[in-house]
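In the working numbering, the protein residues as written are 3 to 303.
Below is one structure, written out as structure tokens; the observations come after it.
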């Protein structure tokens, strides 16, 4: 096997360990013979096969490895046991560490951090000051950016977007074209999918589901086994929990609560301090407000 680069002494170090600059000794990919690249601790950090390359002031050290057609550039740092392979691109000021994997056509850039056992792959992007760590997986064409955090066993996939200061953690899943933004948090076994939007200070947790074109915003909470779907909107300090269902074009807002096996649907509105519980159903254009309580098997329409 003919080597594609050589190591040249440099003054660069990382954690007190001396680094060498990579210099191409033949043409490959977009790299020309004689091109000076980034820095490695040893040859184990950059494969001699494929079109993979390290450029700029990028540094790869420890047992980290860059292979395939992957590119590490800018001021990026890859260390520990991290691997970057396939057609992945790691650039700018990002850090890849631990046992993290970035592969496929994934891109990690900006000041993003991917660490521990996290994986970013397919056409996913992690950028800004986003942090992806633990066993989190970002794939499909998903985007995690700004100051968002995805951790533990959370999964973000398809065309989902996580941004702002949003947090997706534990075993939560965000998929489809869903958007999670602001200071919203998705955790537990919660799922947000399709075209759902969760924003501001909203919390989705337990085994709750927010899907279709539903919107949960402000300080609202959806928890336990509750499901919000259709074009429903939950906002204010509203709480949806137990096995409640909110769907159609229903609105639950202010300090309202819907719990038990209750259903609120069509164009119904639950507001102020109203409570709907038990097996109650509120539908049509009904408005339940004030301190009113609907419970048992009541049907209001």
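In this text, a Cβ means the ideal position worked out from N, Cα and C, and glycines have one as well.
Proximity of residue i and residue j at Cβ, strictly below 7 Å
i: residue 230; j: residue 248; result: yes
i: residue 286; j: residue 297; result: no
i: residue 135; j: residue 114; result: no
i: residue 180; j: residue 156; result: no
i: residue 267; j: residue 250; result: yes
i: residue 177; j: residue 162; result: yes
i: residue 126; j: residue 141; result: yes
i: residue 82; j: residue 70; result: no
i: residue 185; j: residue 167; result: yes
i: residue 60; j: residue 78; result: yes
i: residue 210; j: residue 188; result: no
i: residue 212; j: residue 222; result: no
i: residue 86; j: residue 74; result: yes
i: residue 5; j: residue 50; result: yes
i: residue 216; j: residue 234; result: yes
Residue i versus residue j: straight-line alpha-carbon distance, rounded
i: residue 204; j: residue 46; result: 46 Å
i: residue 40; j: residue 144; result: 29 Å
i: residue 269; j: residue 302; result: 12 Å
i: residue 27; j: residue 48; result: 14 Å
i: residue 170; j: residue 246; result: 23 Å
i: residue 165; j: residue 151; result: 8 Å
i: residue 137; j: residue 257; result: 36 Å
i: residue 288; j: residue 227; result: 24 Å
i: residue 68; j: residue 274; result: 57 Å
i: residue 243; j: residue 92; result: 41 Å
i: residue 95; j: residue 76; result: 7 Å
i: residue 24; j: residue 154; result: 36 Å
i: residue 57; j: residue 44; result: 15 Å
i: residue 62; j: residue 172; result: 30 Å
According to DSSP, residues forming a beta bridge with residue i
i: residue 30; result: 33
i: residue 15; result: 20
i: residue 41; result: 23 and 61
i: residue 259; result: 241 and 277
Cut-off 7 Å between Cβ atoms - residues of its own chain near residue i, not counting five sequence neighbours on either side
i: residue 278; result: 260, 264, 266, 272, 284, 290 and 296
i: residue 22; result: 9, 10, 11, 12, 41 and 42
i: residue 122; result: 104, 108, 110, 116, 128, 134 and 140
i: residue 146; result: 128, 132, 134, 140, 152, 158 and 164
i: residue 53; result: 30, 31 and 71
i: residue 98; result: 80, 84, 86, 92, 104, 110 and 116
Sequence-distant residues of its chain with Cβ nearer than 6 Å to residue i (five each side left out)
i: residue 33; result: 26 and 55
i: residue 37; result: 26
i: residue 14; result: 21 and 41
i: residue 219; result: 201, 202, 204 and 237
i: residue 300; result: 282
i: residue 214; result: 196, 231 and 232
i: residue 130; result: 112, 147 and 148
i: residue 100; result: 82, 117 and 118
i: residue 102; result: 84, 116, 117 and 120
Any non-hydrogen atom of the ligand GDP within 6 Å of residue i CB
i: residue 116; result: Among the ligands in the structure shown, none appear at all, so the ligand GDP cannot be discussed.
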